[in-house]
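J.:
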Amino acid sequence: MLSVRLRIKPMSMLAAFIQVHYARFTTLAEAWLANGATTFGIWQKGQLLAGWPAGNKPDQPGLVMPICVGDQVIGDVRISGMPGSAARARLAADVELIAHLFRLEHEIECMASDLVVTQDQLVALYRLSHSMSQYLTIEETLTALVMESMRLIKARNGFAMFVPSIADPIVVQHPPAEIDEALLWRCFWQAHSAAPEVSLTTLDLSTTMADCPRDLLFIPIKTRDTVIAGLGMLRDPGRGFQTPDIKLARAIANQASAQIEKVLLYKETFDQAKIRAEMELARQVQQDLLPKQLPHVTGLDIFAASRPAFQVGGDFYDFICQTDRPFTFSIGDVSGKGFPAALLMTMTRMAIHSKAFFMPEPTPRVVLQQSNKDLYKDFTQVGVFATAFVGQYHPQHQMLHYANAGHSPVIYRPAAGAATMLMADSTAIGIFPVSSCEDQEVALRPGDLLIVATDGFSDARNPDDEMFGHKRLLDLVDTLAEQSAQDIADSLFTAGDRFKADCPQEDDQTLVVIKGVAT
Amino acid sequence: MDIVTRYSDRVAILELTGRFDKNTAPPIVTWLEQAAATTPAHILVNLAGVNFVDSTALAALVRGLKQCQQRGGELYLCGLQRQVYMIFEMTRLSKAFSIFVDEDHAIRALTN
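Those protein sequence lines, which keep their order, are chains A and B.
Residues in the first sequence are numbered from 9 upward in steps of one, following our numbering.
Residues in the second sequence are numbered from 6 upward in steps of one, following our numbering.
#1: Rounded to whole angstroms, what is the Cα-Cα separation between Q39/B and Q88/B?
#2: Go to G399/A, then tell me how far its beta strand (DSSP E) extends in each direction, as first and last residue.
#3: On the DSSP bridge list, what partners appear for K230/A?
#4: Between which residues of its own chain and D323/A is the CB-CB distance below 6 Å, once the five residues before and five after are set aside?
#5: Which residues in the same chain have their Cβ closer than 6 Å to the Cβ of F196/A, if we skip the five residues on either side of it in sequence?
#6: Give every residue of the same chain whose Cβ lies closer than 8 Å to the Cβ of L383/A, excluding the five residues on either side of it in the sequence, and list them in chain order.
#7: Measure the Cβ-Cβ separation of V103/A and M73/A and say whether it is below 9 Å.
#8: Would you mind telling me which residues of chain E sit closer than 8 Å to V89/B, beta carbon to beta carbon, in chain order?
#9: For D472/A, would you say it is in contact with chain B, using Cβ-to-Cβ distances shorter than 9 Å as the test?
#10: Spatial neighbours of R15/B within its chain, please: C-beta separation below 7 Å, excluding the five flanking residues on both sides.
#11: Provide the residue(s) that pair with M241/A in DSSP beta bridges, ordered along the chain.
#12: Any chance the stretch 184-195 of chain A sits against the stretch 270-281 of chain A, with 3 or more Cβ pairs inside 8 Å?
#13: From G59/A, F327/A and P177/A, pick the residue whose C-alpha is nearest to that of A37/A; which is it?
#14: Who are the near neighbours of N566/A in its chain, counting only those whose CB is closer than 6 Å to its CB and skipping five residues on each side?
#15: If I follow the unbroken beta strand (DSSP E) through A313/A, where does it start and stop?
#16: Could you confirm whether any beta carbon from chain A is found closer than 9 Å to the beta carbon of L82/B?
#17: Applying a beta-carbon distance threshold of less than 7 Å, which residues of chain B neighbour T534/A?
#18: According to DSSP, is Y143/A part of a helix, a strand, or is it coil?
#19: Going by beta carbon distance, what residues of the same chain come within less than 8 Å of S207/A, once the five residues before and after it are set aside?
#20: To be precise: take each residue of the stretch 45-66 of chain B, compare its Cβ to all Cβ atoms of chain A, and keep it if any distance is under 8 Å. Which residues remain?
#21: Within the stretch 36-62 of chain A, note down every full beta strand (DSSP E) run reaching 3 residues or more, in order along the chain.
#22: Can you pull out the residues from the stretch 67-81 of chain B whose beta carbon lies closer than 7 Å to at least one beta carbon of chain A?
#23: In the DSSP assignment, what are the bridge partners of N51/B?
#24: If the cut is a Cβ gap below 8 Å, which residues of chain A does A101/B touch?
#25: By the three-class DSSP mapping on this structure, what secondary structure does E189/A have?
#26: Could you tell me which uninterrupted alpha helix (DSSP H) segments, each at least 4 residues in length, are contained entirely in the stretch 362-433 of chain A, listed from first to last along the chain?
#27: Just tell me which of V521/A, P417/A and A526/A has its CA closest to the CA of M91/B.
#28: Suppose the cutoff is 8 Å on Cβ atoms and the five residues either side in sequence are ignored; what does the same chain contact list for A317/A look like?
#29: Excluding the 5 residues preceding and the 5 following D244/A in the sequence, name in chain order all residues of the same chain whose CB lies nearer than 8 Å to its CB.
#30: Please list the terminal residues of the continuous alpha helix (DSSP H) segment that includes L302/A.
#31: Do you know offhand how far V375/A's Cα is from R333/A's?
#32: Using the Cβ count rule (16 or more neighbours within 10 Å means buried), how would you classify D107/B?
#33: DSSP state of E38/B, grouped into three classes?
#34: Would you mind sorting T209/A into buried or exposed? The rule is 16 or more other CB atoms within 10 Å of its CB.
#35: Would you mind sorting Y30/A into buried or exposed? The rule is 16 or more other CB atoms within 10 Å of its CB.
#36: Taking one C-beta from the stretch 426-437 of chain A and one from the stretch 385-402 of chain A each time, how about it: are there three or more such pairs within less than 8 Å?
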């Protein structure tokens with residue numbers, strides 16, 4: 009909108025106008041002189057700006073005609089030697105033409121001036137976008153926005169604020185701390201719920217602004233279809249904000265919106281990368297917590313592996329090997345998935361490990377009962393439970409003592425028999441304040457096989473939505489029974505993968521395979 | 006998963022159909038938490054239409070059971086399909102819950 013009104017400076021403008029069009033004025037003057045006029049002059053406030061014939065200055069002009077532009081008299085044309093109404097009418101017409109030309113010339117100058125202003129603003133906006141683009145935080149961006157906006161809009165005070173979805177809101181103002189922040193936020197929340205831009209009158213801030221009266225322009229800034237930021241400018245009272253100011257402020261706000269979006273995207277990408285890095289670290293920690301080496305126990309062939317469905321999982325297995333105590337192992341599964349399950353898995357594993365390691369006579373029953381006692385309160389508060397199986401091998405009898413707190417599937421296959429499921433003897437850790445699990449035993453003589461897995465195997469689903477199930481698992485174990493512990497484990501993973509085909513692994517898969525071997 | 010909730014004789018009934026697992030558990034956890042907040046909370050979860058439960062689902066039911074019991078209430082289960090009942094048996098959760106064949110039996114036990 010090119011409507012900026014420039015104040016006319018008559019003296020300089022009329023003189024400049026005559027100078028530019030001097031040849032045309034000379035032609036006009038000579039026409040009058042040829043028709044009998046003795047002098048032709050253009051005057052302003054009693055001073056001759058240009059006269060014809062050259063050097064002739066009449067004392068008393070016959071005709072005087074003012075040059076009017078709008079409601080302003082910018083000068084007059086004086087002619088001597090031609091009295092009469094016909095000459096007056098002709099002079100009036102000529103002066104009207106001069107005034108019209110003057111007006112046109114003035115408008116062209118105004119338009120050129122507006123274009124220069126607009127071009128300046130475009131350059132300034134480019135600089136603004138360039139200067140803001142180097143900032144990577146919202147606070148830096150808002151500060152740059154306020155400083156550049158104040159410079160472009162020529163405001164006395166400036167402020168900007170941002171309300172993130174999480175974390176504390178940010179407000180910056182310049183000069184710092186000059187205006188009560190509560191007032192700035194009032195502007196924001198009014199703009200948030202109402203008008204596209206807010207001025208002093210619509211805000212009715214007369215009482216709160218009494219000690220610091222200013223004209224206010226506030227532009228809300230939308231990002232992702234929501235007003236999450238705003239830009240405010242203040243000028244001394246009476247100066248107000250005109251259409252070009254508002255248009256420029258809007259353009260700045262749009263620019264700021266794009267920049268805020270960019271900063272948010274950068275932050276999100278950065279945060280995601282950070283989370284990924286932390287997840288990777290957590291995965292690494294969890295892998296490191298698993299036994300690094302398989303134990304060598306006379307009379308047993310042991311293999312164990314764990315494959316989480318996500319980067320971190322809720323399954324674990326553990327070996328507790330002490331020279332003067334029987335070999336003990338544990339396997340467990342915390343309900344739920346991902347980070348929460350992983351955290352509680354670490355707790356469960358540690359609870360079982362410390363009991364098996366430090367208690368005077370850590371039978372599987374005692375280990376699980378004590379772990380349940382320790383974990384029950386925390387698990388109840390969080391609303392989870394953990395299934396766990398603890399086994400302890402007694403080589404002198406080639407027997408495995410075990411206790412099972414809600415864990416499944418546990419498959420036992422004696423050398424001379426078919427694979428069967430060993431049922432849990434108590435509920436999982438965290439269900440009841442006191443665990444009722446008992447010590448049980450199975451033989452682990454040469455050829456006997458025990459596979460303690462997690463439900464990630466039995467619950468695996470194929471594209472037809474069929475579950476792998478316990479029967480397939482038992483049948484498979486029967487066919488694999490002659491193989492080594494590692495080969496059995498590998499085959500179980502492979503069979504599970506083949507069964508689920510393209511379906512994603514939905515649950516963690518962990519297993520411990522223990523087979524009795526001849527010494 | 007379809008979730009239907011209704012009330013019968015002071016018993017809040019949750020009727021579930023389909024797979025009850027980590028993907029479908031969140032709204033059920035919320036409902037159970039709200040229903041358990043009433044005193045005394047009498048909740049019946051009808052699992053007749055459920056063909057699979059995973060450990061997240063079991064944890065949701067255990068959590069609901071504990072919340073009810075803390076407020077002097079009860080959470081009963083009914084209508085378990087064979088394969089679902091097997092999971093309760095294998096994990097011995099059948100010891101933790103009162104399980105009924107159908108709604109009528111469960112409501113009678115809850116209201117007596």
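We treat Cβ as the ideally placed atom computed from N, Cα and C, and that holds for glycine.
T.: This is what the structure holds:
#1: To locate residue 39/B, count along the second sequence from 1; it is residue 34. To locate residue 88/B, count along the second sequence from 1; it is residue 83. CA-CA distance, Q39/B to Q88/B, rounds to 29 Å.
#2: Translated into the one-based positions of the first sequence, residue 399/A becomes position 391. Counting along the chain, the beta strand (DSSP E) containing G399/A begins and ends at A394 to H402.
#3: Taking the first sequence and counting its residues from 1, the one referred to as residue 230/A is at position 222. Answer by DSSP bridge pairing, in chain order: V235/A.
#4: By one-based count along the first sequence, residue 323/A stands at place 315. Here the set comprises S314, D341, T462, D516 and T518.
#5: On the first sequence, residue 196/A is found 188 positions in, with the first residue counted as 1. Answer for F196/A: M169 and G238, listed in chain order.
#6: The residue labelled residue 383/A in the question sits at position 375 within the first sequence. These residues qualify, in order along the chain: M355, T356, A359, A394, I437 and G438.
#7: Within the first sequence, numbered from 1, the residue matching residue 103/A stands at position 95. Within the first sequence, numbered from 1, the residue matching residue 73/A stands at position 65. Yes.
#8: Although the question refers to chain E, the structure presented lacks it and instead comprises the protein chains A and B.
#9: If you number the first sequence from 1, residue 472/A lands on position 464. With 9 Å as the cut-off, D472/A does not count as an interface residue toward chain B.
#10: The residue labelled residue 15/B in the question sits at position 10 within the second sequence. In the same chain as R15/B, and ignoring 5 residues on each side of it, the C-beta atoms closer than 7 Å to its own belong to H47 and T116, in chain order.
#11: As a position in the first sequence, residue 241/A is number 233, starting the count at 1. Per DSSP, G166/A and L225/A.
#12: no
#13: The count along the first sequence starts at 1 and reaches residue 37/A at position 29. Comparing Cα positions, the closest option is G59/A.
#14: Residue 566/A lies beyond the range of chain A shown here (9 to 527); nothing can be said about it.
#15: Residue mapping note: residue 313/A aligns to position 305 of the first sequence, counting from 1. Its beta strand (DSSP E) spans residues L308 to R315.
#16: Reading the second sequence from its first residue, position 77 is the one you call residue 82/B. It does not; no Cβ of chain A falls within 9 Å.
#17: In the structure displayed, chain A extends from 9 to 527; residue 534/A sits before or after that span and is not available.
#18: Here residue 143/A is taken as the residue at index 135 of the first sequence, counted from 1. Three-state DSSP puts Y143/A in coil, outside helix and strand.
#19: The residue given as residue 207/A occupies position 199 in the first sequence. Bear in mind that the predicted position of S207/A carries a pLDDT of just 49, short of 50, making it unreliable; the figure below should be weighed with that in mind. Cβ within range, chain order: D223, L224, L225, F226 and F249.
#20: F57, D59, S60, T61, L63, A64 and A65
#21: Runs found: 47-52 and 55-60.
#22: V67, R68 and K71
#23: Residue mapping note: residue 51/B aligns to position 46 of the second sequence, counting from 1. Under DSSP, N51/B shares a beta bridge with E20/B and C83/B.
#24: Position 96 of the second sequence, counting from 1, holds the residue named residue 101/B. Ordered by position in chain A, the residues that pass the 8 Å Cβ test against A101/B are T435, I439 and F440.
#25: One-based indexing of the first sequence puts residue 189/A at position 181. Reduced to three states, the DSSP call for E189/A is helix.
#26: Scanning the stretch 362-433 of chain A for uninterrupted alpha helix (DSSP H) segments of 4 residues or longer gives 372-390, listed from N- to C-terminal end.
#27: Indexing the second sequence from 1 puts residue 91/B at position 86. Cα-wise, what sits closest to M91/B is P417/A.
#28: The sequence position of residue 317/A within the first sequence is 309, counting from 1. Cβ within range, chain order: K345, G464, P512, Q513, E514, D515, D516 and Q517.
#29: As a position in the first sequence, residue 244/A is number 236, starting the count at 1. For D244/A, where only same-chain residues beyond five positions count, the Cβ hits under 8 Å are R164, R222 and D223.
#30: The sequence position of residue 302/A within the first sequence is 294, counting from 1. Counting along the chain, L302/A falls outside any alpha helix (DSSP H), and DSSP gives it neither H nor E.
#31: Your numbering for residue 375/A matches position 367 in the first sequence. Your numbering for residue 333/A matches position 325 in the first sequence. Cα to Cα, V375/A sits roughly 14 Å from R333/A.
#32: As a position in the second sequence, residue 107/B is number 102, starting the count at 1. D107/B comes out exposed.
#33: Taking the first residue of the second sequence as 1, we reach residue 38/B at position 33. Helix at E38/B.
#34: Residue 209/A sits at position 201 when you count from the first residue of the first sequence. Only weak support is given to the placement of T209/A: the predicted model assigns it a pLDDT of 45, under 50, and the value that follows is read from those uncertain coordinates. With fewer than 16 Cβ atoms within 10 Å of its Cβ, T209/A is classed as exposed.
#35: For this step, residue 30/A is matched to residue 22 along the first sequence. Classification of Y30/A: exposed, given that the 10 Å Cβ count is below 16.
#36: yes
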